[in-house]
Every structure is written in structure tokens, then in C-alpha cells.
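Report on one structure; see the data block that follows.
Chains as they are written, first to last, in the working numbering: chain A, 1 to 495; chain B, 496 to 990.
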């Protein structure tokens, strides 16, 4: 959930100053178009960590747009009068009418999340409240409300640095309370609860936008631009009365060139000698782990995704070399067959789920929905937007049934890919591996990169996180895959 | 949920024999059109009580349609192989491809409901499984599956009669096991759990159809006709590629002239003297109850709905006469104002929710969405179909916050209404009460009656049941309203 938001995005003064005037003008335009049209209301939810710039950003939005048509609500503890009514009462009363923008700070998410962190309430209680929120928001969306949800995030070191800095300066020291440090100490728990809550409520119709809150200029531009983009798309839809009332799913927008894949050091060091040693070691460990008695009550589902020629096949062979041939199956995933196209898109993966004690390795997977199908337009935007939550549900069920789910993205750069394509073409026995399609996919490199970042942000979960593998050095990549598998299995088997 | 299904519908031999040939032909036609089109799959869920005719009806469907294109699955306990995979594994594998009909018996509802009844598992566990089912079904619907859900119901006396009859005959005695009687003893619990589960999963896109299972001919025709109607509507949509992929919400169809309102004895006896005695008595009781210390931690929300001239106003005045004027408010509900139209339809009711210790009486209510707005076409079918679940959620929140929710439908016949209209027109001080609109509404009497029955079936819940009030004798109606209020309050305050 927070992968991209922990990269430390920054915007310098000059870029910021250059960008703001046009953004303000465009936001104002959109705001007045909304007001003229009176066709839908906009509800902006502002949530997230303390110190990640929630208040500042809201002030800025009010400054940038016409504050007469923005209603900002900051909810504190309920008043006596509010406490005597249903929990949602005060939020209902704060909904903006059609044509207006309502900014709701500390809204219906605050209490369930804080409760779960501080009072360590039962998980079932949190689940129930999140399910209620999903239904409530689905109703709002169907009633035509455009729901824009921002979560302001700070990494743990970022949070610590912020508190230390405030304490250092006598003028700001008072702002740091004991409660702040207590929250910092609970950071990991808070992050887990938040990540879970966001995942459960990030639907196709109302997905969360995660804001990297560390740099004031970056977060201001990010929120302003995201809001503008989402608002503009909906305004365009509203001009076409024949369009179904499906809300245009907002997108996490790449605001600068810093992204998850770009920030990886793709070429890592590993010499042949070290590789051979470690290969033997990890294959041995994996062989033992999958033959453990405890594994007979579990199963292993491994997903391999990556650019063309990133080395998925080679990595898979190094894994299977450690396994008993009766124990594993490789499922190569290509375009769906006619039989498969007559079913929901997840159906063709359900049929290959392993029994206990077994391993299934997917060479490409259900993530095709949010990668190739998204980029090539094989399904509608609404379809792939809802797929993130559906895939999370699917993996939830797998894990609930005892499967260990390990997901790898093998990453290489565009130049390295070109080198590998040419090598393959030069070698007769590898030439079959390169097709016209591979060359065509290369042309959409940026689109794929963007789709991969969204995928990791939206489907890397506590129970089935993504593992990004720097794969320009094949030795390094294969060892990282094997080591990750061993570590995940050891954790799962209680080693 | 089960109100209409407990009326004891019956179809005689002749009507049945006359109806079947055309129904079979139409079902076959629809089936082959579906097969040609290959545009969507049909999943029919068969659930409900033992002995309510599930098996017989499925056999009949197979007989009536071409069984080569129907796949029937009866799930028993999972096999060893299935048990090692996620709970949904075997159901996923049973999904029919596009163009086909799959009939799934004992499906993903069976285990959660049975578990909750027999093992008295924690409520939170049931809630969680129902939430998962909702999400799973939402995904199927968005993937284009037409989901038709039948619940076969038997009333408690019906269930008992059936068991007794089987036991009487030596040839069928073996069919009654101890488990059957144990289930019968748990009938009330089973009914509650089922009602709750159906309510939680009856969505606008995939609502439940409740089948009165007591008469074999009636239930066969009911299921056949419902399936035909739902299938036909979806087939029509499928021919219009520009239509949004919203599934046409199926309707509970009135199959005969026996309905909830029609089965009431509208004119009940009550003489003036008795009325005056009981009025005094119940007003006194109500006055005391609302002045109890315990009531200061609760609130009372009363909904009055009914035909025009059914006597809502008169009944409300008899209630308020017992209350402290500072304690209650009457909210008359007419067409929404401009301010209200700029908000989700429930918004205008949220603002009137009572504090603790207070009473709000709604003279017409949020049920307008599924009554006048449905009948007059002020909102789309998809909108009012989803409203049932949204209203249930809303009332859940009210009750969760301590409100006692009491809902009345005041019922009079069409002839009685005419008499009252004419009386009102004749009396100068009452003439303002009759408008053109009232006369227009009369013309849609049948549509309104149908909408009322659907409303009661879909929103009469364990926590906020509907009370049907026979209102042709005003004395009787007012006393029944007062008595019901007293009883509900006494139960809520633990008297």
C-alpha cells in the first residue's frame, strides 16, 4: 500500500513555483464548472498520519480554489448531541450538496482505525466497521457522489526525523507531546492496521490515493493534481448523459520520475563462484523445507511476473531443481483459451490451486488483468480498477486456506532488455523466445512501468507482499528468489 | 423476509396443467437464445429449508428445459481434495461458462448458515463470511454472470405438518430422522439466522427470491416463471450493446392474487366504547413508558406509511396525545425540496433523527423510495432495487445507536378509499386533504399494492419489523398502533 509513498519524493522550489499558477487556474475552472453543472457532489476525505501535512494541504486547497464553495469539516470527538445518534450522523450532516466540494478531515475512518490501534480492539470489530464503510461508500457513489480519498503517509524514519526536528527548535518543541511519541512507538502496528483498512476499502469506485507526506511541495502538487485529474474526468462524463453513471476510477498519478522500479539498483553484484555456493545452499534449504512434515499441511503458490526477457524461466528452473517432481507444477500463463474466456477472469487460476503439501509456480498470473489487459485495453478501466480488490480477496482466500503466497517482479531496464533480445535473436535455439509481440510491448515500456507501480501499491499486502527483484545480474536475481522463498516458508512453518 | 412466503399459496391442478406448456416452451426458447448469444452465464442458487421442494423443483427445471445445457451440482461435504483448498474452490469449479445455466444446490450459503445455527458460532464469524459472499457475488455480477437466488421456505406449522405426515405413512416414515426433528426444534433460530443472512446478501444486483415451498404446483410455477422473467429481461439487455452492463434486477413476482395486503381482514370490529377505554389505557401506558428513566438512554423512531386517506394523521395524533410536547416531533414528508434533491435520498431523513429520550414520528418516510418513486418512475429500477439493502443498513445504524424503530403500514381497500375521498370532498374543512394527485394515485392502486408487498418482504427485519394495520375501522387501527408501540417499548426497556 505504501511502497511508492516511501520513496521520498521531493519537488524543488523552482518546479513548484512554475507549476502552481496553472494548477490553480485549472482547479478553479473545474470548481466553477462543477458549480454550474450541479450534477454531482465531491467529497474529499483527508486521512493519514500526524505530521504528514493534512492540515497544510487542506489550507492550500482552500487558498487555491474559491473557499466559498468548499466546505471544510474537521471532526473532533463527537459532541454530546452527536454521541446520542448513530455514528454516521455527523458525517451525513456534513455531506456537500451537488455542485460543491466537501473536505472531510478525521472522518468515518478515523475512529475505527484509532480504536483498532490504541485499544487493540478485536479484529472482528474492525472488519465489521470496514464492511459497513464499504457499503456506505458504495451507496454514496451510486447516488452520484464523487468520492476522493487521500491517505497522507510518512515512513517510520520520516516520522522520527520530524519529531526530533520539532523538539530541537525551542519554538516548536511544545508541538511534540508524549502522545506523539507513544504513537511513534506504535508505528508498526498503526501502519499494519492502516494498510489493512485501506486495502479493505480501496474499491474500484472509490480507491485510495496514497500521498507521500514527507515533502510539503511535493504533497501539495500531488494532491492538487490528483484532485484536478479525478474531477476533470468526472466532469467530462457528466457532459455525456448517455454514459452509465459509473464513476471514472481515479488513478494514482505518477507526479515525477521517481517511481518504485526506477528507484531500484537493477544491476547488483554477484560473481559466479558466490552464486554457485549460494545456489547450493538455498536449494538445499528449500528442498528440506518442502519436505518438512509441517509443510504437508500447507501449500506454496509462487507468482512470477516481470518484463519480457527478465529471466522468469531461468529463475523458475532454479526453484524447481530443489523440488520433488511429484510435488510441483508450473503453470505457464498465455492468452486465455476459448473455454477460459467464457468464465470470470480469475476462473482459470482457481483450477490450478495446489492441494496441501504441493507447490504451484505461475509463470505470469492473474496480475495480467492489471498489466497487459490494462495497458493493451483488453478490459475496461472500471474492470481493471476493481480487479485490485478482487485479487486481494482471492489471495486472502488462498492464505486463509493455508497457502503461502509469494510474488516476484523481476525487473530489468529497457537497455538491458534490448541487449537480451538481440542475444536471443542471435542464438538459434533461443530465437523462438522473441516474437513480434515482444518488440511491440517494448514500445509501451512507460505504460507497463506505471501499471507495475500501481499494481505493487495496490496489491502488496501484509499477507502477500510483492518482492521486487533486481534482475540485470541473473545470478543475483535467482539467489534473491530462492532466499525469499526460504525465508517466507521458514516464517510460515514457524522455523 | 418470509412474510409473503407464509401466506400458503396454492395452485390447483387445472391451472397448473394449463400453465405448464407455455411456460416450458418459453423457458426452452430463452435457454436456446442464451446458448446462441453466449453473452453471459446463468447461476441459479437453490437454498432453503428441508422439505420445501428444492430437489423436486430442480428436477422439474431439468425436465422442462434441455438438460444438456444445464449443469446441476449438488454439493455435499467437501472431498478430501476439496477440503485442502479454499472454501470457494469447489464452487468456482462449478461455474457454468457463458451461454449455459448452472444450478448450484447447497452452495456457498449452506455452510455459513448451518454453522451459525448448529454450532452457534460467533455472530462475527457469520458476518465476515456474509461480507465475503457479498464481495464474491458482486465480482461475479460485474463479470457478467446473471445470478438468480432462490430460497425455499416453509413456515413452522408447515414444517411440522410435513414431518407428521411423512411419519404417519409406513412407506415414508424412514425419511424422517432425528436430525429432522432437531432441526424443527431449532426452527426459530434457523429462521432468524436465515433471515439475517438473506437480508445481508440481498443486493440490488443479486436479490433473493423467496419461494413459498408448501405447495408443489405453486412453487414449481413460481420458480419457473421467476427464472423466465429474469432471464428474458437480461436477454433483452444483452441485445443492446450500448446498454450499461448493469444486470436487470429481478423482481419478486406476484404469481397469484394472494398477497400480503389482500390477505388482511381490513375491516375489524371495534365499538366506540371499547375504543375509548383502550385508548385511555394505552395512552396511559405509552405516557409512562416514554417517561421511564430507562427511556432516557433510548429513542423512538416511528414510521407511518399507508394509502391516501388510510388515517395516518389520526393515528399520529392519538400517539402524540400521550407524549410530552417537548419530547416529540412530527416530520411530514412531502416531495423533497431543492436542497434535499441535491443530496443522497436518505440525507433528508438523517437530519431528523432523534436524540436520546426523544420521539420522532415520520408521516411518510424513506420508504417513499420504494413506493412512490418506484411506481411513478422518479428513480431507476436499479436505484430502488438497491434501496432495500441501503434502508436496512440505515435502520441497522439507528437500532445500533439505541433507537427503537417501529414501522406501520395502514391498510384500507380501494372501495373504502373512495368512500373516504368523497366524504372529504363533501366536508369543507377537509376538502384541502384531497388533491388531483390523490385521484391519480388511485389509478395505480395495483402497482402500489405490489410495491408494498415487496417492501414488506425485503425490509421487515428482526430488528425493525413491519406492522400491517387493518385500518378500515379507525378505532381498531389506532388502538393497534398504540398497543404495538407499547409492546415494542416494553420489550426494548426490558419490562
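The beta carbon of each residue, even a glycine, is placed where N, CA and C say it ideally should be.
Go ahead and pull the three-state DSSP assignment for residue 12(A).
coil
Tell me whether residue 849(B) is buried or exposed, calling it buried when 16 or more other Cβ atoms sit within 10 Å of its Cβ.
buried
Go through its chain and collect everything with a Cβ distance to residue 462(A)'s Cβ below 8 Å, but skip five positions before and after it.
192, 195, 196
Minimum Cβ-Cβ distance from residue 845(B) to chain A less than 9 Å
yes
Quick one: Cα of residue 910(B) to Cα of residue 765(B), how far?
20 Å
The alpha helix (DSSP H) enclosing residue 808(B), as first and last residue numbers:
807-815
Using a beta-carbon distance below 9 Å, is residue 878(B) in contact with chain A?
yes
Below 8 Å on the Cβ atoms is my contact criterion, and I expect residue 794(B) with residue 895(B) to pass it. Report the Cβ-Cβ distance as a whole number of Å.
Not quite, the Cβ-Cβ distance comes to about 12 Å (not below 8 Å), so this is no contact.
For the alpha helix (DSSP H) holding residue 124(A), just list the boundary residues, first then last.
123-142
Contained alpha helix (DSSP H) runs [length at least 4] in the region 652-688 of chain B, N- to C-terminal order:
673-680
Can you name the start and end residues of the beta strand (DSSP E) that residue 146(A) belongs to?
146-153
For residue 410(A), report the span of its alpha helix (DSSP H) as first-last.
Looking at the DSSP string, residue 410(A) is not in any alpha helix (DSSP H); the run it does join, the beta strand (DSSP E), is 403-411.
DSSP-derived helix/strand/coil call for residue 543(B)
strand
Going along chain A in order, which residues have a C-beta closer than 9 Å to the C-beta of residue 822(B)?
Under the 9 Å cutoff, chain A gives no residues; its nearest Cβ is about 14 Å from residue 822(B).
Between residue 946(B) and the rest of its own chain, which residues show a CB-CB distance below 8 Å, the 5 nearest in sequence each way excluded?
865, 866, 869, 870
Is residue 584(B) close to chain A? Criterion is C-beta to C-beta, closer than 9 Å.
yes
Leaving out the 5 sequence neighbours to the left and right, which residues in its chain are closer than 7 Å to residue 384(A) when beta-carbon positions are compared?
369, 370, 373, 374
Residue ranges of each alpha helix (DSSP H) run of no fewer than 4 residues wholly in the region 295-373 of chain A, ordered along the chain?
312-320, 338-341, 347-350
Taking 9 Å as the threshold (beta carbon to beta carbon), is residue 839(B) in contact with chain A?
yes
Against chain A: residues of the region 586-598 of chain B by CB proximity under 8 Å:
587, 588, 590, 592, 593, 594
Extent of the continuous beta strand (DSSP E) to which residue 704(B) belongs
703-707
Could you pull out every residue in the same chain whose Cβ sits closer than 7 Å to the Cβ of residue 902(B), ignoring the five residues on either side in sequence?
798, 959, 961, 962
Would you tell me roughly how many angstroms separate the C-alpha atoms of residue 173(A) and residue 56(A), rounded to the nearest one?
19 Å
Listing by chain order, which chain A residues have their CB less than 7 Å from the CB of residue 885(B)?
139
Would you say residue 566(B) reaches chain A, if we count a Cβ-Cβ gap shorter than 9 Å as a contact?
no
For the alpha helix (DSSP H) that residue 400(A) lies in, which residues bound it at each end?
381-400
For my contact list, residue 360(A) and residue 404(A) are in at a C-beta cut-off of 8 Å; report their separation, rounded to the angstrom.
Contact doesn't hold; Cβ gap of about 11 Å is too wide.
What's the C-alpha gap between residue 989(B) and residue 728(B)?
49 Å
Would residue 986(B) pass as an interface residue toward chain A - the criterion being a Cβ-Cβ separation below 9 Å?
no
Would a check of beta-carbon distances place residue 347(A) closer than 9 Å to chain B?
yes
Residue from 730(B), 753(B), 836(B), 522(B) with nearest C-alpha to residue 713(B):
753(B)
Cβ atoms of residue 387(A) and residue 470(A): under 9 Å apart, would you say?
no
Would you mind telling me which residues of chain A sit closer than 9 Å to residue 888(B), beta carbon to beta carbon, in chain order?
132, 135, 136, 139
Please return the same chain residues whose Cβ sits closer than 7 Å to the Cβ of residue 573(B), not counting the five positions on each side in sequence.
585
Residues in the region 666-693 of chain B with C-beta within 8 Å of chain A's C-beta atoms, listed in sequence order?
none
Does residue 787(B) come out as helix, strand or coil in the three-state DSSP assignment?
coil
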